[in-house]
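Residue numbers (the working numbering), protein chains in the order written: chain X, 1 to 305; chain H, 1001 to 1270. We put the CB at the ideal spot given by N, CA and C, even for glycine. Comments concern the structure below.
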């Protein structure tokens, strides 16, 4: 059996699979269940300072090729994270936990990172894909390298824990955004967030999602994810959680070859169920066995020239 | 057209007929081969309004029924729709009540739980079961499906109302004790308020009778992705491992009969 353990920003993971933010993981029970099924780590849903209602249904559906969602980052706020999710997860912690946080103003990012730091996550992941309410057009922070850098700077001042920024593919040059964040002290990245998308019901002649548009994930976005991870790795050399369309062990290997050190897995549960985590780990091991890979360090960034 | 396995978009169906059950409940009839089994549910999209999980009240392979109680803003809007109006359906979803041949069942329904239990009874008698159907309601006007149940051969109806306006006065759980004392029952199935189902489970266990129940938790996607209906402390999803779950499993859950969660994942105690 190959050595599947990976170190990410000084945190040790028994295997490179981590639950991506926003799929399952509403409660500590759910996060623990995913670890029991084989995940090397988990990421919380995006945590806000205050309660956030989210969108009405329909919020998600899938097809053979893609999945579309607009949940609207519903969350009970830092209070639930502080009183319930973190204490319950940490009391018998079986795998590292990545706290994903979100805000819609620069100052709130600083505040939420400061608050979440106290709860004992292993890594803090900042979701900057949310619209900036202080921007005239409500442009997401992740869509502007200056805004992304500003968020990174204020978050960096509030924590000494590994700090990673979750980037959007909906930009002309993701590597340039990553570089701007790296300059302000980001330890790494999670890439990619979902792509913009919309599906219309042709009988009703209206978008299916209540929010009309949403984020595309699933198999269709894997090539985009691989390309983005490749570009970020080449530009910064920092640690990356590669996420987007990973359904199998070989998909995981592929995105690692583009430079991912950990592999974010979310939409996979629609296709393979929560049991898919264990299956992917087994498939990664089998691939390594077949290809004479003894340690995953051999494949991280192996395709980046 | 066959629906590919991973397609969870909606079938858009016109409402064929609306049956007014009482002041608060309507039955919506759809002409569509849903292919459900008793205990399963569908997600119903009321276009422009919301999408909610609804249990199937009947399915004969040609048409299916959904009985809806007016409980909130989405169902209030649904009650404004007329026959011919279109809704989106995806499903059938979740686990179901399975049968072996020729046994004696007790079904315990609380409130609008009578509708999905009618479907269970309908299928059970086809498989040769004898059925004791116990319904509880606040009063006789809120009794659902009583006439339809009486029409099923092999089914005995027992009614309890809080005010005694129909059947015996009191809770349906007392009727269950009586039935279990007097008759040999092989299994109890129940659908209704969670606290009622918990008591049903406890009573069945006292008599050494296995029980299964239709769990209801806040759902968003219904397809095993959003995690909203994850149970404490197993993390299992009601939309995938349920809604039909065994009392042996359910009784170990610290949240059973104690609390549920809202759309933000926040706890609310019963």
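Check	Outcome
How should residue 1055(H) be labelled, buried or exposed, when 16 other C-beta atoms within 10 angstroms of its C-beta is the threshold for buried?	buried
Skipping 5 residues on each side, what residues in its chain have a beta carbon closer than 6 Å to that of residue 38(X)?	277, 278, 281
Would DSSP call residue 1191(H) helix, strand or coil?	strand
In chain order, what are the residue ranges of uninterrupted alpha helix (DSSP H) at least 4 long that sit wholly in the segment 1145-1207 of chain H?	1146-1150, 1172-1182, 1194-1206
Under 8 Å, CB to CB, which of the residues in the segment 51-62 of chain X have a partner in chain H?	51, 52, 53, 54, 56, 57, 58, 59, 60, 61, 62
Thinking just about the alpha-carbon of each residue, which of 1108(H), 1091(H), 1073(H) is nearest to the one in residue 1190(H)?	1108(H)
Apart from the five residues just before and just after residue 1001(H), which ones in its own chain have a Cβ nearer than 6 Å to its Cβ?	Note that residue 1001(H) scores 47 on pLDDT, short of 50, meaning its location in the model is unreliable; the coordinates nonetheless yield the value given after this. Here the set comprises nothing.
If you draw a straight line from the C-alpha of residue 143(X) to the C-alpha of residue 254(X), how long is it?	26 Å
What residue range does the beta strand (DSSP E) around residue 205(X) cover?	Per DSSP, residue 205(X) belongs to no beta strand (DSSP E) and is neither H nor E.
Give the DSSP-derived three-state secondary structure of residue 1032(H) in the structure shown.	coil
Against residue 1181(H), what residues of chain X qualify as contacts under a CB-to-CB distance less than 9 Å, listed in chain order?	By Cβ distance, chain X contributes nothing, its closest Cβ being about 38 Å from residue 1181(H), past 9 Å.
Three or more C-beta pairs closer than 8 Å, one from the segment 1028-1039 of chain H and one from the segment 1115-1123 of chain H: is that the case here?	yes
Taking 8 Å as the CB-CB limit, is residue 1031(H) close to chain X?	no
Name the one or two DSSP bridge partners that residue 166(X) has.	127(X), 190(X)
Where does the unbroken beta strand (DSSP E) through residue 1128(H) begin, and where does it stop?	Segment: none, residue 1128(H) is in no beta strand (DSSP E) and carries neither H nor E.
Taking 8 Å as the CB-CB cut-off, is residue 300(X) touching chain H?	no
Is any beta-carbon of chain H found at less than 8 Å from that of residue 273(X)?	yes
At what residue ranges does the segment 82-124 of chain X contain a whole run of the alpha helix (DSSP H), taking only runs of 4 or more?	86-90, 106-117
Cα-Cα, which of 1026(H), 1232(H), 1244(H), 1267(H) is closest to residue 1211(H)?	1244(H)
Counting contacts by CB-CB distance shorter than 8 Å, is residue 1223(H) in contact with chain X?	yes
Are the beta-carbon atoms of residue 244(X) and residue 284(X) separated by less than 8 Å?	no
Which same chain residues, not among the five before or five after residue 56(X), have their C-beta less than 6 Å away from its C-beta?	210
In whole angstroms, what separates the C-alpha of residue 67(X) from that of residue 1164(H)?	51 Å
Can we say the segment 3-13 of chain X touches the segment 60-80 of chain X, given the rule of at least three CB pairs closer than 8 Å?	no
For a contact meaning CB atoms closer than 7 Å, what does residue 30(X) contact in chain H?	1227, 1230, 1235
Nearest to residue 1270(H) by CA position, among 1103(H), 1045(H), 1195(H), is which residue?	1195(H)
Give a yes or no on contact between the segment 59-66 of chain X and the segment 110-121 of chain X, applying the rule of three or more CB pairs nearer than 8 Å.	no
Taking all protein chains shown into account, do 16 or more other C-beta atoms lie within 10 angstroms of the C-beta of residue 162(X), making it buried, or fewer, making it exposed?	buried
Can you give me the C-alpha to C-alpha distance between residue 1135(H) and residue 1016(H), rounded to a whole angstrom?	28 Å
Could one say the Cβ of residue 1001(H) lies closer than 8 Å to chain X's Cβ atoms, at least one of them?	Because residue 1001(H) carries a pLDDT of 47, less than 50, the predicted location of this residue cannot be relied on, and the following value inherits that uncertainty. Judged by the 8 Å Cβ criterion, residue 1001(H) is not in contact with chain X.
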